[in-house]
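In my numbering, the protein residues as written are -9 to 304. Heads up, the beta-carbon is just placed ideally off N, CA and C, and yes, glycines get one too. Every value quoted in this text rests on a predicted model; they were computed, and no experiment measured them. This report concerns only the one structure given below.
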Amino acid sequence: MGGGHIEFDAKKYQQKVQPKKQKEQARILTPENVQQFLNHQEADYERQLWKTVIYYLGCRPAELAIMRWSDVDFNPEDPTATFRSKDTEHTGRDRENMPTRTSPLWNEIYDLLKKWRDLHPDEKFIFNDIFNLRHQPEFEVTNTETCEQIREGRYESNFNTSMRKMIKRSGIPVYPQPHKALGDVRINELERLGFRRQEIDAWIGNSEAVRDKHYSATSVTKADRQKALEITQKENRVRQSENRVRLGCDENTQTDPNQLIQQLSKSVKGRELLEMLEKALKQSDPADLEEDAKYTRRDSNPQPSVPKTDALSS
């Protein structure tokens, strides 16, 4: 300590993994429950906006509490939201020197924020009347000699109590670490949507190692297991169908292909039948396919012959 400044050692205060809480988060935060929570309409539009924005941006509540309208760009070609994280290793007070990151302004929240902006054109901050934010300074005010907190700031506010009430009103069970757990769900949702990890790092602000350690509660869900089971079952059905085709051909090499396809269509679903036939074509000898095509062209006559009459021949 020196001159009213506290040196913050991040390694000394590393966040611990809490398996029990993660297990409870995974149990409660199913896709259905998350949608139920987001779809439940709060009586207060600002609260509804808060929970929706914080979910889709995957940000920390403190970051959203100090976000200003100047941090939001509604440019339709590249809409963005810029976050400022408190630099606890240094002063944590100079806004211009705070670390920043930029995230897409997702379609799900673009119109909601635009509407809120139009309703409050003279506000500096996006959120003001929830969590008692309006009259709070951006950051805590401390005694320069003792470094004791004199006044709580927006960044240091307690957001979880109000969020738990919103969760309860939505009808789903209250889960541990309400804001962090939503970030967990959103991060893993972005990965399932196919975004690169470099993109997620830039948007969310956590490295891959941190996400794997602290945001993995919903990385593998019941839906993932069901999807894997469906893929396996589908592959087994296709394999069984291929065996039936092979068996049918072995039993009678003179079988009319059209009759064979009709028989298969009774026991194989249309999509699977198409995939099976495409696979069979890929595995066929190109020379045989060319020979078949030659006979097809020879036997085909798209214009049936018309008997000559005197009128036509003259």
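Under the Cβ criterion (8 Å, minimum of three pairs), the stretch 53 to 61 does not count as touching the stretch 30 to 38.
Taking each of Glu128, Lys11 and Arg154 in turn and checking the Cα distance to serine 75, the smallest one comes out for Glu128.
Between glutamate 130 and glycine 143, the beta carbon gap of about 4 Å places them in contact (Cβ cut-off 8 Å). For serine 160 and glutamate 268, the gap between their C-alpha atoms comes out near 48 Å. Per DSSP, threonine 134 lies in no beta strand (DSSP E) and is assigned neither H nor E.
Between glycine 48 and arginine 186, the C-beta spacing is not below 8 Å.
Beyond the five residues adjoining it in sequence on each side, glutamine 31 comes within less than 8 Å, by CB distance, of Gln38 in the same chain, given in chain order. Annotation for isoleucine 190: Leu180 place their beta carbon closer than 6 Å to its own, counting only its chain and skipping 5 residues before and after. With a 10 Å radius around the Cβ and a threshold of 16 neighbouring Cβ atoms, glutamate 53 comes out buried. Between the alpha carbons of leucine 183 and leucine 103 lies a gap of roughly 23 Å. Counting along the chain, the unbroken alpha helix (DSSP H) around isoleucine 99 starts and ends at 97 to 109. By the Cβ-count criterion, glutamine 12 is buried, with 16 or more other Cβ atoms from all chains shown falling within 10 Å of its own Cβ. Residue range 139 to 141 is occupied by the beta strand (DSSP E) that includes glutamine 139.
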